[in-house]
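Chemist: In this note's numbering, the protein residues as written are 45 to 288. Cβ coordinates follow ideal geometry from the N, Cα and C atoms, glycine included.
(1) Does DSSP put residue 265 in a helix, in a strand, or in coil?
(2) When DSSP labels each residue in this structure, what does residue 176 get in the three-state scheme?
(3) In its own chain, which residues sit with a C-beta less than 8 Å from the C-beta of residue 279, not counting the 5 before and 5 after it?
(4) Measure from the alpha carbon of residue 251 to the alpha carbon of each residue in 238, 242, 245, 266, then state which is nearest.
(5) Do you know whose CA, among 140, 141, 248, 227, lies nearest residue 289's CA?
(6) Can you have a look at residue 212 and say buried or exposed, based on whether 16 or more other CB atoms are within 10 angstroms of its CB?
(7) Of the choices 95, 275, 182, whose alpha-carbon is the least far from that of residue 269?
(8) According to DSSP, is residue 229 helix, strand or coil?
(9) Quick check on residue 185: buried or exposed, where buried means 16 or more other Cβ atoms within 10 Å of its Cβ?
(10) Using the Cα positions of residue 132 and residue 144, report the straight-line distance between them to the nearest angstrom.
(11) Who pairs with residue 250 in a beta bridge, going by DSSP?
(12) With respect to the beta strand (DSSP E) encompassing residue 189, which residues constitute its N-terminal and C-terminal limits?
(13) Quick check on this structure: which residue in 222, 241, 130 has the alpha carbon closest to the alpha carbon of residue 253?
(14) For residue 195 and residue 225, which I take to be in contact (beta-carbon distance under 8 Å), what is that distance rounded to the nearest angstrom?
(15) Between which two residues does the alpha helix (DSSP H) holding residue 114 run?
(16) Note the first and the last residue of the continuous alpha helix (DSSP H) segment covering residue 155.
(17) Less than 9 Å between the C-beta atoms of residue 240 and residue 277, yes or no?
(18) Identify whether residue 320 lies in helix, strand or coil by the three-state DSSP scheme.
(19) For the candidate residues 201, 216, 156, whose alpha-carbon lies nearest to that of residue 207?
(20) Should residue 272 go down as buried or exposed, given a rule of 16 or more other Cβ atoms within 10 Å for buried?
(21) According to DSSP, simplified to helix, strand and coil, what is residue 211?
(22) Could you give the distance in angstroms between the alpha-carbon of residue 104 and the alpha-carbon of residue 142?
(23) Does DSSP put residue 240 in a helix, in a strand, or in coil?
(24) List the whole-angstrom C-beta distance separating residue 244 from residue 177, where the pair is believed to meet the contact cut-off of C-beta under 8 Å.
(25) What separation, rounded to the nearest whole angstrom, lies between the Cα atoms of residue 197 and residue 153?
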């Protein structure tokens, strides 16, 4: 009887549907709610960690190699560009030096031109247009008289200004001594006034007057006068040309 009762209970228990427990809150569905223990040996876990470390180290080494290759290619490109730029500049410099050699004599020629111009300017620094000047001086002779002698002493690059007759006479670049002859007494005041009106002539003075005979034996009056030629009479022709 007891055997029959036990068999009935088993049959009823088998007929009842099974209940599946599902929990949430940190426990995987269907998993046991009891604590679990990792029973793997320590050397297995260390092997797994070592494999992961090797993978990370491999990735790091690959990244370093890639970075080094990139840097090498970049350096090679920059070096190639710098070399090309250097070759270009060297070619340009060589061309400029070839062109410069064509004008190597220019500085010497310019120096010669400068020296020649300086010598020319020095030589004509006290150049006075004497032809028109003496013509105007002859025209100042009073009526009835003739200027027979005009003697000019001028300043030169190698010689200073001529000595003036007295302290009140202004120093000029040249001194003119003139001699006039006349059958009658010469009006020296009129003559000196005419000399003072000639451009460039300053401080004309009467020096001597004498009564004598000319080459034909005729009686004549001889008068001498002097005057200074100032810097306003200078031509400065080359200076004006250079200024233009």
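Modeler: So, to answer that:
(1) strand
(2) helix
(3) 168, 171, 172, 173
(4) 266
(5) For residue 289 there is no data in the structure shown, the boundaries of the chain being 45 and 288.
(6) exposed
(7) 182
(8) coil
(9) buried
(10) 18 Å
(11) 269
(12) 189-198
(13) 222
(14) The pair is not a contact, with the Cβ atoms about 15 Å apart (cut-off 8 Å).
(15) 86-146
(16) 150-167
(17) no
(18) Since the first residue of the chain shown is 45 and the last is 288, residue 320 is not available in this structure.
(19) 216
(20) buried
(21) coil
(22) 57 Å
(23) helix
(24) 7 Å
(25) 37 Å
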